[in-house]
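S.K.: Read in our numbering, the sequence shown has 225 at position 218, and its numbers run on one by one without any break.
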Amino acid sequence: MSILKNHYFTVDSLMEEVHQKCENLLLYCAYNRKVKNCGDIFELIKTYEGYCCAFNYAALNDDGDISKFTKDEDIEYYEDPSGEAVQPNERIIVTSESGRGSGLSVIFNVEPEDYPVWSSTPYFGAKILLSDPNDYPEITVLYKLISLRESIDIKVEPMLFQCENDIRYVAPEKRGCWFHNEAFLEHTDRYSYETCKTECKMQRFLESCGCIPYKYPREKTTPVCEFKNLQCLQNTTAYRFERQRPCIPVCYMECRDKRYSITSDLTPFVPELFSSNITNGRNISELSALQVYFAKSSCNTYNLMLLMDFNHFIATYGGIFTLSFGASILTLCELVYLFVSFLLSKFR
């Protein structure tokens with residue numbers, strides 16, 4: 008450890024050095040059948056698995072930085088229809104297409120010779136993580152594994168959860184959710200349940216060990232845990248439920264959110280399906296292919312609405328009372344007035 012420190016290596020910088028570089032891993036990229044420079048649509052980020060090459064990521068990064076790629080005229084970008092967006096973000100890519108041939112297509116160069124003999128990974132290949140682009144990939148993540156000379160098709164089916172603005176008048180603890188601009192987090196101005204849980208874990212590590220694991224996005228002034236902190240991190244993880252305190256703010260679900268489910272097909276990698284410019288001079292036995300796309304052009308949407316409030320209650324049951332008994336609220340007030348007047352006159 009002292010040797011690493013003498014060469015100005017930290018756990019964070021060391022892990023960034025030993026991971027496979029994105030420019031070596033990604034040989035070919037296409038989006039909606041249009042070839043793209045992989046460096047233009049992928050970036051290096053931190054996840055619960057360590058450093059990963061990410062596509063369409065717009066969540067936490069070091070120092071809260073959300074870098075923006077150069078806008079591509081061939082690509083559609085997301086615009087928040089809810090009006091809750093607190094800052095414009097042109098980095099979230101969208102598509103109106105579905106089916107095979109649409110979406111993202113990638114060829115990986117796995118480089119199995121770079122795997123150390125002591126690696127705990129029981130296979131050579133890649134781990135594909137799928138999550139909401141607005142969330143740090145840790146709490147709600149789907150994943151698939153792909154090995155050498157395999158091609159995987161991942162079909163994504165989204166579910167949308169919408170919420171009417173009238174719900175804002177209901178207390179958060181009763182409705183059980185936050186709007187994106189309603190609760191405030193330390194590392195982002197867009198609330199999400201996953202980010203809230205991640206920040207809560209980071210705070211627990213910081214309070215218990217005085218540092219946070221390297222895999223979490225952080226500010227420059229926040230210390231990263233070194234090897235000497237491993238025992239503390241293990242104890243904090245092992246007993247987190249016993250020592251758990253409520254998160255601040257309380258991590259409710261999002262009132263407006265997206266969820267995803269996936270299915271996949273695994274087939275042998277067929278180099279003839281790709282241009283010879285990609286595979287020439289490459290060891291075919293070390294290549295793998297990935298396609299990710301929407302399974303169909305429609306999805307299920309669930310809407311949270313306020314069925315009844317106090318005004319609706321008065322209007323509804325006041326009308327029923329009037330219809331049934333030929334009376335109204337005014338009649339009730341008159342009866343109360345007459346009753347009180349009778350009592351006052353009786354006791355004079």
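The beta-carbon is built from N, C-alpha and C at its ideal position, and this holds for glycine as well.
Can you say whether E249 is buried or exposed, counting buried as having 16 or more other CB atoms within 10 angstroms of its CB?
M.R.: As a first step, residue 249 is located in the sequence shown; it is residue number 242 there, counting from the start. Because E249 sits at a pLDDT of 45, beneath the cut-off of 50, its placement in the model cannot be relied upon, and the point is left open.
S.K.: Assuming R263 contacts F186 under a Cβ cut-off of 8 Å, what Cβ separation, rounded to an integer in Å, is found between them?
M.R.: The sequence position of residue 263 within the sequence shown is 256, counting from 1. The sequence position of residue 186 within the sequence shown is 179, counting from 1. That belief holds up - the Cβ atoms of R263 and F186 are roughly 7 Å apart, short of 8 Å.
S.K.: In angstroms with no decimal places, state the Cα-to-Cα distance between A65 and S283.
M.R.: Within the sequence shown, numbered from 1, the residue matching residue 65 stands at position 58. Within the sequence shown, numbered from 1, the residue matching residue 283 stands at position 276. Between A65 and S283, the C-alpha separation is close to 34 Å.
S.K.: Which two residues bound the contiguous beta strand (DSSP E) that contains F62?
M.R.: For the purposes of this step, residue 62 is taken as the residue at position 55 of the sequence shown. Where F62 is concerned, the enclosing beta strand (DSSP E) stretches over G57 to F62.
S.K.: Nearest to D121 by CA position, among I153, H26 and P165, is which residue?
M.R.: One-based indexing of the sequence shown puts residue 121 at position 114. When each option's Cα is compared against that of D121, the closest is H26.
S.K.: By DSSP's criteria, F115 is part of a beta bridge. Which residues make up the other side?
M.R.: Counting from one through the sequence shown, the residue named residue 115 turns up at place 108. Partner(s): L33 and S295.
S.K.: Using 8 Å for Cβ pairs, my map puts L67 next to T195. What's the rounded Cβ distance?
M.R.: Within the sequence shown, residue 67 is the residue found at index 60, counting from 1. Within the sequence shown, residue 195 is the residue found at index 188, counting from 1. The Cβ separation is near 6 Å, so the contact holds.
S.K.: Using 10 angstroms around the beta-carbon of L350, count the other beta-carbons present and answer buried if the total reaches 16, otherwise exposed.
M.R.: Counting from one through the sequence shown, the residue named residue 350 turns up at place 343. Exposed is the call here.
S.K.: With DSSP run on the structure shown, which of helix, strand or coil describes V347?
M.R.: On the sequence shown, residue 347 is found 340 positions in, with the first residue counted as 1. Reduced to three states, the DSSP call for V347 is helix.
S.K.: So which of E189, S292 and F168 has the shortest CA-CA distance to A178?
M.R.: Counting from 1 along the sequence shown, the entry for residue 178 is found at position 171. The shortest C-alpha separation from A178 is found at E189.
S.K.: Cβ of V231 within 7 Å of Cβ of T17?
M.R.: Start at 1 with the first residue of the sequence shown, and residue 231 comes out as number 224. Start at 1 with the first residue of the sequence shown, and residue 17 comes out as number 10. Yes, the pair counts as a contact, with Cβ atoms nearer than the cut-off.
S.K.: Around the C-beta of A133, are 16 or more other C-beta atoms found within 10 angstroms, so that it is buried, or is it exposed?
M.R.: As a working note, residue 133 is residue 126 in the sequence shown. Buried, because 16 or more other Cβ atoms sit within 10 Å of the Cβ of A133.
S.K.: With distances taken from CA atoms, which of N63, G57, Y58 and R107 is nearest C45?
M.R.: For the purposes of this step, residue 45 is taken as residue 38 along the sequence shown, with counting starting at 1. Comparing alpha carbon positions, the residue from N63, G57, Y58 and R107 closest to C45 is N63.
S.K.: Measure the alpha-carbon distance for C170 versus L311 and round it to whole angstroms.
M.R.: Residue 170 sits at position 163 when you count from the first residue of the sequence shown. Residue 311 sits at position 304 when you count from the first residue of the sequence shown. Those two C-alpha atoms are separated by around 5 Å.
S.K.: In whole angstroms, give me the CA-to-CA distance for V42 and F115.
M.R.: In the sequence shown, the residue the question calls residue 42 occupies position 35. In the sequence shown, the residue the question calls residue 115 occupies position 108. Straight across, the Cα-Cα distance linking V42 with F115 is about 15 Å.
S.K.: Taking contact to mean 3 or more Cβ pairs, one atom from each stretch, closer than 8 Å, check whether the segment 302-311 and the segment 140-159 are in contact.
M.R.: no
S.K.: Can you tell me whether DSSP reads E164 as helix, strand or coil?
M.R.: As a position in the sequence shown, residue 164 is number 157, starting the count at 1. Reduced to three states, the DSSP call for E164 is strand.
S.K.: In the structure shown, what three-state DSSP assignment does P129 receive?
M.R.: Walking along the sequence shown from the start, residue 129 turns up at place 122. Of the three classes helix, strand and coil, the one that applies to P129 here is coil, per DSSP.
S.K.: Is it the case that the Cβ atoms of P165 and K265 are separated by a distance below 7 Å?
M.R.: Along the sequence shown, one-based indexing puts residue 165 at 158. Along the sequence shown, one-based indexing puts residue 265 at 258. A Cβ-Cβ contact shorter than 7 Å links P165 with K265.
S.K.: Taking 7 Å as the threshold (C-beta atoms), are N31 and E104 in contact?
M.R.: Here the question's residue 104 lines up with position 97 in the sequence shown. Here the question's residue 31 lines up with position 24 in the sequence shown. Not closer than 7 Å, so no.
S.K.: Which residues mark the beginning and the end of the beta strand (DSSP E) in which T54 is found?
M.R.: Your numbering for residue 54 matches position 47 in the sequence shown. Per DSSP, the unbroken beta strand (DSSP E) holding T54 starts and ends at F49 to T54.
S.K.: Return helix, strand or coil for P275, following the three-state DSSP convention.
M.R.: Translated into positions along the sequence shown, residue 275 becomes position 268. P275: strand per DSSP, three-state reduction.
S.K.: What does a CB cutoff of less than 6 Å around T286 pick up in its chain, not counting 5 residues either side in sequence?
M.R.: As a position in the sequence shown, residue 286 is number 279, starting the count at 1. Cβ neighbours of T286 beyond the five flanking positions: P278.
S.K.: Give me, in chain order, the residues of the same chain whose beta-carbon lies closer than 7 Å to that of A37; leave out the 5 immediate sequence neighbours on both sides.
M.R.: Residue numbering aside, residue 37 sits at position 30 when the sequence shown is read from its first letter. Contacts found: K43 and S112.
S.K.: Specify, as a first and last residue, the run of the alpha helix (DSSP H) that Y200 falls within.
M.R.: Indexing the sequence shown from 1 puts residue 200 at position 193. Its alpha helix (DSSP H) spans residues Y200 to C216.
S.K.: Taking only the alpha-carbon atoms, compute the straight-line gap between L294 and S199 and give it to the nearest angstrom.
M.R.: Translated into positions along the sequence shown, residue 294 becomes position 287. Translated into positions along the sequence shown, residue 199 becomes position 192. Each residue's Cα considered, the two are about 36 Å apart.
S.K.: Starting from the Cα of M260, find the closest Cα among P220, E180 and K235 and give me that residue.
M.R.: Within the sequence shown, residue 260 is the residue found at index 253, counting from 1. For the residues P220, E180 and K235, the minimum Cα distance to M260 belongs to E180.
S.K.: So, helix, strand or coil for L152, using DSSP?
M.R.: Stepping through the sequence shown from its first residue, residue 152 is reached at position 145. L152: strand per DSSP, three-state reduction.
S.K.: Quick one: is K227 buried, meaning 16 or more other Cβ sit within 10 Å of its Cβ, or exposed?
M.R.: Counted from its first residue, the sequence shown places residue 227 at position 220. Looking at its Cβ environment, which holds fewer than 16 other Cβ atoms inside 10 Å, K227 is exposed.
S.K.: Going by C-alpha to C-alpha distance, which of I135, G106 and L21 sits closest to E56?
M.R.: As a first step, residue 56 is located in the sequence shown; it is residue number 49 there, counting from the start. Among I135, G106 and L21, the Cα nearest to that of E56 belongs to I135.
S.K.: Could you say which of R211, G106, L34 and T270 lies nearest to L240 if we only look at CA atoms?
M.R.: Here residue 240 refers to the residue found at position 233 of the sequence shown. Comparing Cα positions, the closest option is R211.
S.K.: Could you give the C-beta distance for E157 and F276, rounded to a whole number, given that I count them as a contact under 8 Å?
M.R.: For the purposes of this step, residue 157 is taken as the residue at position 150 of the sequence shown. For the purposes of this step, residue 276 is taken as the residue at position 269 of the sequence shown. Confirmed, about 6 Å.
S.K.: I'd like the span of the beta strand (DSSP E) that includes T229, first residue to last.
M.R.: Here residue 229 is taken as the residue at index 222 of the sequence shown, counted from 1. T229 -> no beta strand (DSSP E), and no H or E assigned at all.
S.K.: Can you name the start and end residues of the alpha helix (DSSP H) that N284 belongs to?
M.R.: For the purposes of this step, residue 284 is taken as the residue at position 277 of the sequence shown. Element bounds for N284: S283 to T286.
S.K.: Does L67 come out as helix, strand or coil in the three-state DSSP assignment?
M.R.: Translated into the one-based positions of the sequence shown, residue 67 becomes position 60. Note: L67 maps to coil in three-state DSSP.
S.K.: Go ahead and label V93 buried or exposed: buried means 16 or more other beta carbons lie within 10 angstroms of its beta carbon, across all protein chains shown.
M.R.: Counting from one through the sequence shown, the residue named residue 93 turns up at place 86. Any answer about V93 is weak, because its pLDDT of 45 lies below 50 and its placement is not dependable; what the coordinates show is given next. Its Cβ having fewer than 16 others within 10 Å, V93 is exposed.
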